[in-house]
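A.B. asks:
2 protein chains.
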Amino acid sequence: MNKQLLFVKRPVGEVDASTWTLETNPIPKIEDGQLLIKQHYISLDPAMRGWMNNSKSYIEPMAIGSVMRAGSVGEVIASKNPKFKVGEYLAGTGGVQQYTSTDGKGYYPVDPKMAPLPTYIGTLGMPGMTAYFGITEVGKIKEGDTVLVSGAAGAVGSVVGQVAKIKGCKVVGIAGGPEKCTYVVDELGFDACIDYKNENVASRFKEECTKGIDVYFDNVGGEILDIALSRLKMHARIVICGAISQYNNKTAIKGPSNYLALLVSRATMQGMVVFDYANRYKEGAMQLGQWMAQGKLKTREDIYEGIQNFPETFQRLFSGDKMGKLVLKVIED
Amino acid sequence: MNKQLLFVKRPVGEVDASTWTLETNPIPKIEDGQLLIKQHYISLDPAMRGWMNNSKSYIEPMAIGSVMRAGSVGEVIASKNPKFKVGEYLAGTGGVQQYTSTDGKGYYPVDPKMAPLPTYIGTLGMPGMTAYFGITEVGKIKEGDTVLVSGAAGAVGSVVGQVAKIKGCKVVGIAGGPEKCTYVVDELGFDACIDYKNENVASRFKEECTKGIDVYFDNVGGEILDIALSRLKMHARIVICGAISQYNNKTAIKGPSNYLALLVSRATMQGMVVFDYANRYKEGAMQLGQWMAQGKLKTREDIYEGIQNFPETFQRLFSGDKMGKLVLKVIED
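Chains A and B, in that order, are what the protein sequence lines are. Take the first sequence: its position 89, counted from the start at 1, is 89 in the working numbering, and no numbers get skipped. Take the second sequence: its position 231, counted from the start at 1, is 1231 in the working numbering, and no numbers get skipped.
#1: Establish whether the CB of A/ALA285 and some CB of chain B are separated by less than 7 Å.
#2: Starting from A/MET234, trace the beta strand (DSSP E) both ways and give me its first and last residue.
#3: Short of 8 Å in beta carbon distance, which residues of its chain neighbour B/ARG1231, apart from the five on each side in sequence? Order them along the chain.
#4: Look at B/ALA1091 and B/VAL1073 and say whether their C-beta atoms are less than 7 Å apart.
#5: Three Cβ pairs or more, each shorter than 8 Å: is that satisfied between the stretch 254-269 of chain A and the stretch 1269-1278 of chain B?
#6: Residues in the stretch 247-268 of chain A with C-beta within 8 Å of chain B's C-beta atoms, listed in sequence order?
#7: For the beta strand (DSSP E) that B/VAL1327 lies in, which residues bound it at each end?
#8: Using 7 Å as the limit for Cβ to Cβ distance, is A/ALA202 near chain B?
#9: Whole angstroms is fine: what's the gap from B/LEU1225's alpha carbon to B/LEU1188's?
#10: On a CA-only basis, which of B/GLY1221, B/ASN1309, B/GLY1177 and B/GLY1128 is nearest B/ASN1200? Give me that one, please.
#11: Taking the runs of the beta strand (DSSP E) that are 3 residues or longer, which of them lie wholly in the stretch 1152-1192 of chain B?
#12: What does the alpha-carbon distance come out to for the pair B/VAL1076 and B/LYS1083?
#13: Report the option in B/GLN1315, B/VAL1239, B/THR1102 and B/ILE1194 whose CA atom is closest to the CA atom of A/ALA267.
#14: Using a beta-carbon distance below 7 Å, is B/ILE1240 in contact with chain A?
#15: Does the stretch 320-329 of chain A touch the stretch 1009-1025 of chain B, meaning 3 or more C-beta pairs lie closer than 8 Å?
#16: Among the candidates A/LEU297, A/ASP302, A/GLU31 and A/ASN53, whose CA atom is the shortest distance from the CA of A/ILE359?
#17: Beta-carbon of A/GLY65 versus every beta-carbon of chain B: anything under 7 Å?
#18: Mapping DSSP to helix, strand and coil, what is A/GLN97?
#19: For A/ALA243, would you say it is in contact with chain B, using Cβ-to-Cβ distances shorter than 7 Å as the test?
#20: CA-CA distance, A/ILE27 and A/GLU332?
#21: Are the stretch 1054-1069 of chain B and the stretch 1106-1118 of chain B in contact at 8 Å, needing three or more beta carbon pairs?
#22: Using the Cβ count rule (16 or more neighbours within 10 Å means buried), how would you classify B/THR1251?
#23: Could you give the C-beta distance for B/ILE1253 and B/GLY1221, rounded to a whole number, given that I count them as a contact under 8 Å?
#24: Using a Cβ cut-off of 8 Å, which residues of the stretch 1035-1063 of chain B contact any Cβ in chain A, in chain order?
#25: Could you tell me the alpha carbon to alpha carbon distance between B/GLY1161 and A/ASP16, rounded to whole angstroms?
#26: Between A/GLY157 and chain B, is the shortest Cβ-Cβ distance under 7 Å, so that the two count as touching?
#27: Which residues in chain B sit within 8 Å of A/MET68, going by Cβ to Cβ distance?
#28: In this structure, how does DSSP classify A/PRO109 when only helix, strand and coil are distinguished?
#29: By Cβ distance, which residues of its chain are closer than 7 Å to A/LEU124, with the 5 residues on each side in sequence left out?
#30: Spatial neighbours of A/LYS112 within its chain, please: CB distance less than 6 Å, with the 5 preceding and 5 following residues excluded, ordered by chain position.
#31: From the DSSP output, read off the bridge partner residues of B/TYR1041.
#32: State whether the stretch 130-140 of chain A contacts the stretch 307-315 of chain A, with contact taken as three or more CB pairs (one from each stretch) at a distance under 8 Å.
#33: Is the beta carbon of B/LEU1044 closer than 7 Å to that of B/LEU1317?
#34: Compare the C-beta of B/GLY1271 against all C-beta atoms of chain A and say whether one is closer than 7 Å.
#35: Beta-carbon within less than 7 Å of A/PRO256's beta-carbon, same chain only, minus the 5 sequence neighbours each way: which residues are those?
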């Protein structure tokens, strides 16, 4: 049987468990051209909150009654598609369910001998690609730049900062709590990390970035975006990747009051969506994989178990009660 | 004697006449290397409001007790600087006064036979350069783009829209009142103009830009910036030139709530300051002058008289009670 988490109620503001229903249905039968994947791990990402809203975005809103959309990695256990073989491992958008049938569109092979499966939905998956292309192509980092990254201990931010360090930048992170900040500095090698839950971000930021910043990679929005805007160097770049602080708002989100700093500093604020780099994922994954193999890039997943625990695991994205990439194991041993 | 308007009180919120004092002082004597300019016209610009604030910006805040900073155009009446001859006309930042002594730095010659003097502080001066380089270099317009311009009847916006039309764009303006909107469409040749004082901007915008916009040239900020963000085409560009709706705020300015549209549309919001194009002013002025001569680019100044009327004329920038470039004649006949 196939346990599936259905999206049944569009949330307003904070999400609660009534958003989803767990159903058990027969494992789907596949037709010609299709394959059946037994899913091992599901990716939990802040972007999921946006997919639940019924508003224009970079992707269709989820339909009520559909399987909860999610990135995933799993094994092909049946195939009527010549492009995919039984026993192969694939990553794609399989949703929060234990089995998925697909025509294979959007799935790509991954090698469990090269890296643990969860890494393929983390640093070697969408979060890693977002970080890599976001900081290099949109952030346009160059040696000697001072880079600020929010969500520094998270799946995207941790890679952003490490890539910037590899490229010769000074990197300051922002994360919640001393444990994360220690991890970001001691394990990931950032030059500093500001604890937004316990420190005055504006004054620590002033101390750490005395001459301002060249790049801010924004995962959070809200007050921290305004603080970053207050200390831009000339021609600075702000990469708008997300705004987790605003995703649960019931009213209009808080726009950046300091946006006229863009004028003062002739700076640029640019939005990015990883899909635009789809034809370069291979290049990104190879580069990140090489750095991992060389020990220059560290990756960490925080793995929970049981598809029934999805709703409570999802909350960790917003409470920050996780360390690194949040993953749910849905395969039952 | 030299009538001078001194900046004597830093305003909070709306500016009133107590901000300045009119003094009459002797005409300055010049030293070696200096020249004396008899000023004819003074430029009034929204940017002046920002110069009054004591905060970090793209230019030093004005000092209390200094002559009110302003662009100006006038005639050299004495010179101990071999680079400038008596009888020559110069544009520069001469301040709100009838005579100014200077070493000539930042001044450049203008030809009153080619265009009326006020035009050199309008379309052939800073506003024109701002428009030209802003819409071409920052807005990166190309043929077929849909361009939205706020402050469409103003010194900058009117040139922005006309340049965009010349470059083959569809151009929609936003201006205050039916008289301005008629001028923008019938005289300047914009495709449409939305009257923000009498129409529902969001719904008119939806009608006029059914497929969204490629470029928004923002002179006003506030609600209109948010409306523009709501209908961006992919890879749209927003040029942040000013935010006149917010300049008199006593509290934090309103940031754009819809800024995450930058992410959805992979769009860019970039600030500009005309000074960055100083080494290309000649190119800009020649191009705009050529279009004026060809009848493709229309220009209009709204000229008031008397240095003592500066405070009341200044208010017209914010009330919108003017048509085209606001100019004050300070020379007495």
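Every residue gets a Cβ at the ideal spot worked out from N, C-alpha and C, and that includes glycine.
C.D. replies: According to the structure shown:
#1: no
#2: 232-240
#3: PHE1205, LYS1206, CYS1209, GLY1212 and ILE1213
#4: yes
#5: yes
#6: ALA252, ILE253, LYS254, GLY255, PRO256, SER257, ASN258, TYR259, LEU260, ALA261, LEU262, LEU263, VAL264, SER265, ARG266, ALA267 and THR268
#7: 1325-1329
#8: no
#9: 23 Å
#10: B/GLY1177
#11: 1170-1175
#12: 11 Å
#13: B/VAL1239
#14: yes
#15: no
#16: Shown here, chain A extends from 1 to 333; a query on residue 359 of chain A therefore has no answer.
#17: no
#18: strand
#19: yes
#20: 14 Å
#21: no
#22: exposed
#23: 7 Å
#24: LYS1056, SER1057 and TYR1058
#25: 49 Å
#26: no
#27: Chain B residues near A/MET68: none, gap ~21 Å exceeds 8 Å.
#28: strand
#29: ALA115, ALA285, LEU288 and GLY289
#30: In the sequence as displayed, the identity of residue 112 of chain A is Pro instead of Lys. For A/PRO112, where only same-chain residues beyond five positions count, the Cβ hits under 6 Å are TYR89.
#31: B/VAL1073 and B/LYS1329
#32: no
#33: yes
#34: yes
#35: LEU225, ASP226 and LEU229
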